[in-house]
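Have a look at the structure below, then the notes.
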Amino acid sequence: MSQAAVLAEDLPVLSEVVSMTADSAERSGLDDRTFFLVRIAALAGTGAPPSSWLVNLAAAADRGLTKEDVQDVLVAIAPVIGTARTVAAAGNALRGVGIATALSEADGQR
126 MSQAAVLAED LPVLSEVVSM TADSAERSGL DDRTFFLVRI AALAGTGAPP
176 SSWLVNLAAA ADRGLTKEDV QDVLVAIAPV IGTARTVAAA GNALRGVGIA
226 TALSEADGQR
């Protein structure tokens, strides 16, 4: 089972978002790597909250994207979205990873 699916298992809203992401990936016509690189840029550009980063980073990791890939996208778009939004995006991405870690640890204690 993918990391995103595990995280969404007990959270119906998160489960729906994971499902919507999968559906849009199929319809986009992009390969998985490009799809998630574009989504990372969109998350940063829109000021997405940590929970959005959680869903997307979990799904991206399931498809082989790395921390370095996320950093590369943020570096590439920083001149367009500005330093404040880039730093906020990096913080929200880290918070999303922290939420994923906390949920995984809680699941392991069940």
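Counting the sequence shown from 1 gives a position; this note's numbering is that position plus 125. For every residue, glycine included, the Cβ atom is placed at its ideal position computed from N, Cα and C.
- Between Ala201 and Ala166, the C-beta gap is smaller than 9 Å, which places the two residues in contact.
- Secondary structure of Ala166 (DSSP, three-state): helix.
- Annotation for Ile224: Pro175, Ser176, Leu179 place their beta carbon closer than 8 Å to its own, counting only its chain and skipping 5 residues before and after.
- Taking 9 Å as the cut-off, the beta carbon of Ala184 is found no closer than this to the beta carbon of Ala214.
- Approximately 11 Å separates the beta-carbon atoms of Asp157 and Ala147; this is outside 8 Å, ruling out the contact.
- One thing to note: Leu182 has its Cβ within 9 Å of the Cβ of Gly221.
- Following the DSSP letters along the chain, one finds Leu139 inside the alpha helix (DSSP H) bounded by residues 137-153.
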